[in-house]
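*Asks:* Mind looking over this structure? Questions follow.
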Amino acid sequence: MRTTPINKLLSDYGPFVLLVLLILTLWELVVRLNFIPSFILPAPTAIWMALLKHRKLLFGQHLLATLQEVLLGFILSVTCGTLLGIGMHMFRPLQKALYPFLIISQTIPLIALSPIFIMWFGYTLWSKVAVVFLTAFFPIVVATYDGLHKSDRAYEELLLTMGASRWQVLRTLGLPLALPSFFSGLKLSIVYCVIGATIGEWLGGSKGLGYYSRRMAGSMQSDEMFAAVFLLSALGIVLFLGIALLEKITFKKRGSYR
Amino acid sequence: MHIHQGEFISVVGASGCGKSTLFKIIAGLLEPTCGEIDFHSEVSYATRLGQIAYMPQQDLLLPWRTVMDNCLLPWGVKRNQSKKESITQIRGMLQRLGLAELENAYPQELSGGMKQRVAFLRTLVAGGDLMLLDEPFGALDAMTKREMHKWLLELWSEVDKTVLFITHDLEEALLLSDRIYLMSGGRAGGIQEFIVDLPRPRHYKLNYEPRFITLREDLERKLYENHSH
Chain A
1 MRTTPINKLL SDYGPFVLLV LLILTLWELV VRLNFIPSFI LPAPTAIWMA
51 LLKHRKLLFG QHLLATLQEV LLGFILSVTC GTLLGIGMHM FRPLQKALYP
101 FLIISQTIPL IALSPIFIMW FGYTLWSKVA VVFLTAFFPI VVATYDGLHK
151 SDRAYEELLL TMGASRWQVL RTLGLPLALP SFFSGLKLSI VYCVIGATIG
201 EWLGGSKGLG YYSRRMAGSM QSDEMFAAVF LLSALGIVLF LGIALLEKIT
251 FKKRGSYR
Chain B
259 MHIHQGEFIS VVGASGCGKS TLFKIIAGLL EPTCGEIDFH SEVSYATRLG
309 QIAYMPQQDL LLPWRTVMDN CLLPWGVKRN QSKKESITQI RGMLQRLGLA
359 ELENAYPQEL SGGMKQRVAF LRTLVAGGDL MLLDEPFGAL DAMTKREMHK
409 WLLELWSEVD KTVLFITHDL EEALLLSDRI YLMSGGRAGG IQEFIVDLPR
459 PRHYKLNYEP RFITLREDLE RKLYENHSH
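Residue numbers (my numbering), protein chains in the order written: chain A, 1 to 258; chain B, 259 to 487.
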C-alpha cells in the first residue's frame, strides 16, 4: 500500500490520539457520575472551561511571566553550558577540577536551595532565573562535553597531518561531530527549564503559572489549578518541539547526515 | 631506509608488521620509541605535522561536507592561497578524476571507489613534497584500480612529488615503484630493499613481459622468506 501523508500521520499518531480520547472520556464519566468529587479531580470539560474563562489572565500574564523566566534561564544555561563544555574539553585540568562540582550541583535538592535564591535575589525575576539556570545548565554541559569527547581519533589525526591546531580541529571536526549530542542536551534542558521555573514560582512571587497553580490549589479551585498545570505541560511540549524543529533544520543543511 | 626526492617507494609486508605505524611516525603523529626520522635534516617529529600529506586507509571524508568542501579542508587549515584559487585547482582535479559532476554531492551518496578518489584528491591538495599513501586503492575493484594507477603514474611524472605507498598487491607495487621495501614484523624484524629496474614511463602492458614476471617471482620469494624467518 502506498503511504500518503495522511496515512502516515494516522499510523504515527493514531494510537496515541485514540488512547488520549479514551482516557478523557473515562475521566469525564468518572467525574460526572460522581465517583470522584470534582474538587479533587475536575472533569476535562471543567478544566477547559476554566482555561477559556481565565484566558486573559492565564495567557496574558502568567504564561508570559513563566515563558520569560524559562527563556532567560535557558539562554543563560546554553551560553555558559556550551562555553564550559568546550573549555573542559580543551583544558584537561579545568575538566578535572570542575566535573565533580557539576555533579555535586545536581545532587543538591533544588527545592531546598530555592529559598536561598529568594534570599539572594528577592522575589524578583532573577531568583526564578537562577533556579531555571541550575536545572538546565547541567544537561547542556554534559551533552557538549560528551559530544566533543566522542570525536573520532582517525579524523583528528588526518587534520593534524594537515597542520591543524587544536582549535582548528575543534572547529572543523569537534563541534560538527558534537552537534547531535548537543541537541539532545538542549531538548532535555528546555523541559527542565519549565520545571525549574515552576519550582521557582512556587517558592515566592506574584506571577507565573507555577505561582497561579499554587494559589488556586490553596483556595481549592481545582479547575483553575489543573488549567494552569495543563498550560505548563503544553509550554514544555511546544518548547521541546521548537528545539526539535531547529535540530531538523540544522541537519537538513548538512545533507542527510545526523 | 632512504628516500630521495621524487622517488616512488612501496612498502609491503604482512598485516600487523607495523606499516601503518611507520607512516604515522613519519607523518609526525607518533613519536618513535627508538630510531630517528630525518626529514629535510629536521629530526623533531612535531615539526613534520602539516608538511607531509597523509592518506589513511579509510577515506575519512567528513559526512556533513560536500565533495568540494571536503577537498577544501586542507585549504581551511592552511589558508596559503585564496579560496577561489583552491576551488579552481580542485575543480580541475575533479575533472581529471572523472568526478566533476559530484562536486556538490555528499560522501554517503558516493560509491567506495569515488570516496577513495576524493580522499586521494584531498591528500594531493594538502600539498607537501612527500605523500604517504596507506593502501589507497585497497578497497577498489580491479577496473577502477587500473584507472587509478594510470592516473597516478601520469600525475606523478608531472609533479616532483615523493610518494611512499603501502600495499598488499605485489603487481601494484612493481608497476608503480622505483624501489620496494619489504617489512617484517616483530622485534627482530628488519627491512629489506628491492629495486625495481623497469623503464619508465610504465604501462599496464608491462605486466605480461618476462622481465616483470621474473621480478614478481623474485619479490614473492623474498617476501615469503622474510615471513617464515
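Think of the CB as a built atom: it goes at the ideal place given N, C-alpha and C, for glycine as much as any other residue.
Kindly list, in the order they appear in chain A, the residues whose Cβ is closer than 7 Å to that of ILE310/B.
*Replies:* THR161
*Asks:* At least one CB of chain B closer than 8 Å to the CB of PRO180/A: is that the case?
*Replies:* no
*Asks:* Could you tell me whether any non-hydrogen atom of the ligand ADP is closer than 7 Å to the CB of ALA311/B?
*Replies:* Although the ligand ADP was asked about, the structure shown includes no ligands whatsoever.
*Asks:* Hey, does THR250/A have any beta-carbon neighbour from chain B nearer than 8 Å?
*Replies:* no
*Asks:* Under 8 Å between C-beta atoms, does GLU157/A make it to chain B?
*Replies:* yes
*Asks:* List the residues that DSSP assigns as beta-bridge partners of GLU451/B.
*Replies:* Assignment of beta-bridge partners to GLU451/B by DSSP yields TYR439/B.
*Asks:* For MET389/B, which residues does DSSP report across the bridge?
*Replies:* ALA311/B, VAL421/B
*Asks:* If PHE137/A sits next to GLY85/A, beta carbons under 8 Å apart, how far is it from one beta carbon to the other, in whole angstroms?
*Replies:* Rounded to whole angstroms, the Cβ separation of PHE137/A and GLY85/A is 10 Å, and the two are not in contact under 8 Å.
*Asks:* Establish whether the CB of THR172/A and some CB of chain B are separated by less than 8 Å.
*Replies:* yes
*Asks:* What runs of the alpha helix (DSSP H), each 4 residues or longer, lie entirely inside the stretch 329-400 of chain B?
*Replies:* For the stretch 329-400 of chain B, whole alpha helix (DSSP H) runs of length 4 or above, ordered along the chain, are 331-336, 341-354, 370-383.
*Asks:* Quick one, which of ARG349/B, ARG323/B, LEU330/B, GLY396/B has its alpha-carbon nearest ALA363/B's?
*Replies:* ARG323/B
*Asks:* When the distance is taken between beta carbons, is GLY286/B closer than 8 Å to MET162/A?
*Replies:* no
*Asks:* CB-CB under 6 Å to ARG38/A, same chain, minus the five flanking residues each way: which ones, in chain order?
*Replies:* Here the sequence assigns Ser to residue 38/A, which means Arg is not the residue at that position. VAL31, listed in sequence order.
*Asks:* Since VAL270/B sits in a beta bridge, which residues does DSSP pair it with?
*Replies:* According to DSSP, VAL270/B bridges with LEU440/B.
*Asks:* Could you tell me the boundaries of the alpha helix (DSSP H) in which SER184/A lies?
*Replies:* 175-203
*Asks:* Any Cβ of chain A within less than 8 Å of the Cβ of GLN339/B?
*Replies:* no
*Asks:* Could you give the DSSP three-state label for ARG258/A: helix, strand or coil?
*Replies:* Residue placement at ARG258/A cannot be trusted, given a pLDDT of 45 that sits under 50; the coordinates are not used to answer.
*Asks:* Within the continuous alpha helix (DSSP H) that includes ASN465/B, where are the two ends?
*Replies:* Run containing ASN465/B: none; DSSP gives neither H nor E here.
*Asks:* By Cβ distance below 7 Å, which residues in the same chain neighbour ASN34/A in space, the five residues on each side in sequence not counted?
*Replies:* Once the five neighbours on either side are set aside, ASN34/A has no close Cβ partner at all.
*Asks:* Three or more C-beta pairs under 8 Å: does that hold for the stretch 174-188 of chain A against the stretch 331-348 of chain B?
*Replies:* Short answer: they don't touch.
*Asks:* Pick helix, strand or coil for GLU475/B, following the three-state DSSP scheme.
*Replies:* helix
*Asks:* Verify whether the separation of the beta carbon atoms of ILE310/B and ILE284/B is less than 8 Å.
*Replies:* yes
*Asks:* Verify whether the separation of the beta carbon atoms of GLY185/A and GLY73/A is less than 8 Å.
*Replies:* Against a cut-off of 8 Å, the Cβ pair of GLY73/A and GLY185/A comes out as no contact.
*Asks:* What did DSSP end up calling PHE297/B once you bin it into helix, strand or coil?
*Replies:* strand
*Asks:* Check whether the Cβ of ALA397/B lies closer than 8 Å to any Cβ atom in chain A.
*Replies:* no
*Asks:* Please classify ALA154/A as buried or exposed, where buried requires at least 16 neighbouring CB atoms within 10 angstroms.
*Replies:* exposed
*Asks:* So, helix, strand or coil for TRP27/A, using DSSP?
*Replies:* helix
*Asks:* Can you give the beta carbon distance from GLY189/A to PRO139/A, rounded, assuming they're within the 8 Å contact cut?
*Replies:* It is worth fixing the name first, because residue 189/A is Ser in this sequence and not Gly. So it is a contact: roughly 5 Å between Cβ atoms.
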